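To keep things clear, I will list the structure first and then write my remarks on it.
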Amino acid sequence: MHRRIHLLGWLVLAGCGGGWSTIDFAALPTAADVAPHPGVVVDDTLDIRFDLDQAKNAPFATLTRRRTMRLFEPSARHHATAWAWYAPDHQALLDLRVRVVDARGHDRTYDRDDAEDAPLRPSFVLFSDRRSATLKPPVVPDDAVVETRVVTRVDDLRLYGAWFTLGDTLPVRHAAVRVSMPVGWSIRWRTTRLGEPVERPPTERVEAGRRVLEWQRHDLPAIVREPHGPPAWQVAERVHVQLAEWADRDGPQRGFETPEQLSAHMHALHAPRAEVTPPLKALAADILEGAPPAPRERARRLYDWVQRNIRYCAISVGLGGWVPHPAEQVKDVGYGDCKDKANLLGVLLAADGIPSRQAAVYAHDGFPLPFGLPTVVGNSNHQILVVDLPEGPVVADPTTRVVPFGALPAADQDAELLPFTADGAGLMRSPLAGPEANTADDVV
């Protein structure tokens, strides 16, 4: 554990090699300025720097987020926590620090050695090689300035983009996103609020031989969380950035430009896991013994079997967060996550001659998230299946244990989804159940 304390009066300068800003309490907003809020975000900036890894001959991004806050009350102390996730395959944590300065000039700095580092395991994940580092200062006095710094490196930029929310549940005096890249490289960007596009282009300049794009906002009001309303990150303006064009030793390169290109790429990743092996063909025949010949009824029976016999259990290693385990392996162990269950159902359907398509969707809480730039991360958190029956496609979610074939849980409804096909598929929208789906007639 490394902590440093400096008593420098009202002007506090940080040594610690981190380039902390100079703190002048007299120049900062006061509690009266931001009442009734318990604190204020003075500055929240994300710097995204794109470069070429010469050894790998591949682009990467360095993301540096800095936040400066003045917190007046205990109810705001959770804002002092710095958090980051990282993974061995594509995201490295380079730096994690928090500095706390009280009104008397006491300065405490905490670094990664003070953080809680643990596997990133949401309630639905049994094991993941992703990890989270949480740095929570043990003491945050009333009326303190808190600065946080998180630096990560992201690789595999064809699949991953960067996002930043311009706003907070505290008032924000200044927020910015800066993107820097070599001259000749380019990005795609999209700004949204409540999922709808917001036309606010960045400023652009050339600085030290690099192209710099910047979004800035000032004096943003605190985001009010309404009961049953959308999350704060959807209410606020959000900037989504994707590397579009770059150059390596092999010449000019391009990222995915359309959902169709992403669809074809994801299909290529999934195809080796969707082999119709003899054991799976035999299983499909066993499940369908005595079933009527109608494709819909046969699909229903296979759906019911996967829904009831494959337990939900997520194990995510490397690309396992986006690519399923082999279907036969899922059948043998009797468990899998949403991708595994959807993939197994698709293979069983194929064994009976019924076509289907894996599809990525963002499962929501009543506020569907429109598909943004063509990246995997940020557009989906769930995988389901589009079953192509003679009478038309049926969107099915075998992860649920209670929703029958032909219906969808509320989280999947009225959502944009991206089917995966060899030639690349466009976006489609899942059906929305009408009020008649939740009514019943009783005759007495």
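In terms of numbering that gives the first Met the number 0, the sequence shown opens at residue 0 and continues consecutively. Quick reminder that beta carbons are idealized off the backbone N, C-alpha and C, glycines included. Computed from a predicted structure; not experimentally measured.
Leaving out five residues before and five after residue i in sequence, what residues of the same chain have Cβ atoms less than 8 Å from its Cβ?
i           : result
residue 356 : 345, 384, 385, 387, 418, 419, 420, 424
residue 437 : none
residue 402 : 396, 408
residue 349 : 273, 275, 355
residue 195 : 369
In chain order, what residues of the same chain have a beta carbon less than 6 Å from the beta carbon of residue i, not counting five sequence neighbours either side?
i           : result
residue 140 : 101
residue 61  : 48, 152
residue 211 : 179, 204
residue 8   : Any reading at residue 8 needs caution, since the residue's pLDDT is 29, under 50, leaving its predicted position unreliable; the model's value is listed next. Cβ within range, chain order: 104.
residue 323 : 272, 338, 339, 342
residue 136 : 79, 97, 99, 109
Would you mind giving the Cβ-Cβ distance between residue i and residue j, rounded to the nearest angstrom? I have them listed as a contact below 8 Å.
i           : j           : result
residue 342 : residue 326 : 5 Å
residue 59  : residue 156 : 7 Å
residue 375 : residue 172 : Incorrect: roughly 34 Å between the Cβ atoms, too far for contact.
residue 125 : residue 312 : 5 Å
residue 409 : residue 380 : Between residue 380 and residue 409 the Cβ distance is about 15 Å, and since that is not below 8 Å, they are no contact.
residue 287 : residue 299 : Incorrect: roughly 11 Å between the Cβ atoms, too far for contact.
residue 335 : residue 329 : 4 Å
residue 169 : residue 78  : 7 Å
residue 305 : residue 397 : 5 Å
residue 216 : residue 174 : 5 Å
residue 45  : residue 176 : 5 Å
residue 258 : residue 370 : 6 Å
residue 201 : residue 184 : The Cβ separation is near 15 Å, so there is no contact.
residue 439 : residue 406 : In fact, because the Cβ distance is near 15 Å, the residues do not count as touching under 8 Å.
With DSSP collapsed to three states, give me the class of residue i.
i           : result
residue 353 : coil
residue 361 : coil
residue 325 : coil
residue 299 : helix
residue 440 : coil
residue 305 : helix
residue 344 : helix
residue 434 : helix
residue 2   : At residue 2, the pLDDT of 32 sits below 50, so the modelled position is not reliable and the matter cannot be decided from this model.
residue 86  : strand
residue 110 : coil
residue 515 : Only positions 0 to 443 of the chain appear in this structure, which leaves residue 515 out of reach.
residue 391 : strand
residue 411 : helix
residue 444 : The chain is shown from 0 up to 443; residue 444 falls before or after that span and cannot be answered.
residue 384 : strand
residue 318 : helix
residue 429 : coil
Which same chain residues, not among the five before or five after residue i, have their C-beta less than 7 Å away from its C-beta?
i           : result
residue 114 : 95, 132, 133, 134
residue 116 : 130, 132
residue 93  : 150, 151, 152
Item to check | Unbroken stretches of the alpha helix (DSSP H), 4 residues or longer, contained in the stretch 212-293 | outcome: 231-234, 258-269, 277-286
Item to check | Completely contained alpha helix (DSSP H) runs for the stretch 17-83, where each covers 4 or more residues | outcome: 30-33
Item to check | Any 3 or more C-beta pairs closer than 8 Å across the stretch 191-200 and the stretch 227-238 | outcome: yes
Checklist entry - Quick check: the stretch 262-281 against the stretch 215-229, are there 3 or more CB pairs under 8 Å? => result no
Item to check | Complete beta strand (DSSP E) runs within the stretch 119-165 (minimum length 3 residues, chain order) | outcome: 124-127, 130-134, 143-153, 161-165
Item to check | Sufficient close CB pairs (3 or more, under 8 Å) joining the stretch 25-40 to the stretch 61-79 | outcome: yes
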